[in-house]
Amino acid sequence: AEETTPEVDEDAAFDLGMPVAAAFSPESFDDDRPTAPSEVDEDRPRREVSFFVDGLRVQITGRGDMLCVRLTERASGGHVKGAQLSAWRAATGYGYRDEPTEAMTSDDGVAALPIRRLHRLVIRHRGRTWQLEVGVRDLAEEARQRERLQDESQRREAEAQRDAAIRREQEEKAAVTRFFDAERARRRNERLAAAEARARALLDFRALEPIAQLQRIASDDGVLAPWQEVFPALDEALLARIDEDLAARLIVRLSPFRKGDLADIRELLISRFQAPR
Numbered sequence: 003a004e005e006t007t008p009e010v011d012e013d014a015a016f017d018l019g020m021p022v023a024a025a026f027s028p029e030s031f032d033d034d035r036p037t038a039p040s041e042v043d044e045d046r047p048r049r050e051v052s053f054f055v056d057g058l059r060v061q062i063t064g065r066g067d068m069l070c071v072r073l074t075e076r077a078s079g080g081h082v083k084g085a086q087l088s089a090w091r092a093a094t095g096y097g098y099r100d101e102p103t104e105a106m107t108s109d110d111g112v113a114a115l116p117i118r119r120l121h122r123l124v125i126r127h128r129g130r131t132w133q134l135e136v137g138v139r140d141l142a143e144e145a146r147q148r149e150r151l152q153d154e155s156q157r158r159e160a161e162a163q164r165d166a167a168i169r170r171e172q173e174e175k176a177a178v179t180r181f182f183d184a185e186r187a188r189r190r191n192e193r194l195a196a197a198e199a200r201a202r203a204l205l206d207f208r209a210l211e212p213i214a215q216l217q218r219i220a221s222d223d224g225v226l227a228p229w230q231e232v233f234p235a236l237d238e239a240l241l242a243r244i245d246e247d248l249a250a251r252l253i254v255r256l257s258p259f260r261k262g263d264l265a266d267i268r269e270l271l272i273s274r275f276q277a278p279r
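Under the numbering used here, the first residue of the sequence shown is numbered 3, with each subsequent residue one higher.
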């Protein structure tokens, strides 16, 4: 069969372009007022398209849930009766695998196609065949699709924000855990270092003579504490070697102790070196 590429109708209300494309809005189906070319708004949905194929004029108009196709003779404007129409919905993959919707024009050249999405229209009349690519979009469906995509996008964004919040919370918890682990390790190392320092200090301390041990206790910064464990026995020979300065420093060192052996040693030093003569 002979196939003819449609010719754009320069007098139509819309510039169809090539290939032919139209968009019908359900809200505009009841508005049948003609639109002059000067009134065309490219941002508004197209509810009617018109073009020529050879000697035929094809008009496709949205009517409710139907697509109305009107065929007229180009030259005379007469109605084209009995033309066979085959309409395919949007193509599914490569080629046209869905079954077409068939219709025949009435005495006034009109055929109604109960489809809202038209992709290919075939017109057969008087032994000739015209195959037309016509892109008719259901704007309401597209709006619903956009809304679904927007909802999906918002859902994904909400999930991403929730996942990000969970990751931040996990990272904060991990940071706190790392901090306390590091703090525990630091304190443990400090305790070990202090224990090692005291062990070395005790070794050095025990190697000293008793009078040197007392001098060491008087100047100790706490490494040898508790001092009752290391304080040498104060016999008369050792007391005889203690001068007033060393005695005073030992008394100050032992001043926190109010009872026990160290308190007794402090009282002994006070009575020996600071009692009125």
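Ideal placement from N, C-alpha and C gives every residue a C-beta, glycine not left out.
- Closest by C-alpha distance to Asp-237, out of Asp-247, Ile-213 and Ala-250, is Ile-213.
- Leu-115 and Leu-69 do touch by the CB rule: their CB atoms are close to 4 Å apart, below 8 Å.
- The beta carbon of Arg-251 sits closer than 8 Å to those of Ala-220 and Ser-221, all from its chain and outside the five residues before and after it, given in chain order.
- Residue range 238–243 is occupied by the alpha helix (DSSP H) that includes Ala-242.
- In the DSSP assignment, Ala-89 forms a beta bridge with Thr-103 and Leu-123.
- Look at Glu-75 here: in three-state DSSP terms it is strand.
- Here Gly-262 has Gln-230 as same chain residues with Cβ atoms under 8 Å from its own Cβ, once five neighbours each way along the sequence are excluded.
- Within the same chain, Gln-86 come within 6 Å of Arg-126 by CB-CB distance, once the 5 residues on both sides are set aside.
- For the set Arg-208, Gly-111, Trp-90 and Asp-109, the Cα lying nearest the Cα of Glu-101 is the one of Trp-90.
- Contact between the segment 71–79 and the segment 47–63 is present, with at least three C-beta pairs closer than 8 Å.
- If you check the CB distance, Leu-256 and Leu-264 come in under 7 Å.
- According to the DSSP secondary-structure assignment, Val-60 is paired through a beta bridge with Phe-53 and Leu-73.
- By a beta-carbon distance limit of 8 Å, Val-82 contacts Thr-107. Their separation comes to about 6 Å.
- Judged by DSSP secondary structure, Val-82 falls outside any beta strand (DSSP E); it is assigned neither H nor E.
- About 24 Å separates the CB atoms of Val-124 and Ser-78; that is not less than 8 Å, and the two are not in contact.
- About 12 Å separates the beta carbons of Ile-253 and Leu-216, which is beyond the 8 Å limit, so they are not a contact pair.
- The shortest CA-to-CA distance from Asp-266 to any of Ala-242, Leu-240 and Ala-235 is the one to Ala-235.
- Ranked by Cα distance from Leu-58, the first of Glu-50, Val-51, Arg-76 and Ser-52 is Arg-76.
- At a Cβ-Cβ threshold of 7 Å, Val-51 and Trp-132 do not count as neighbours.
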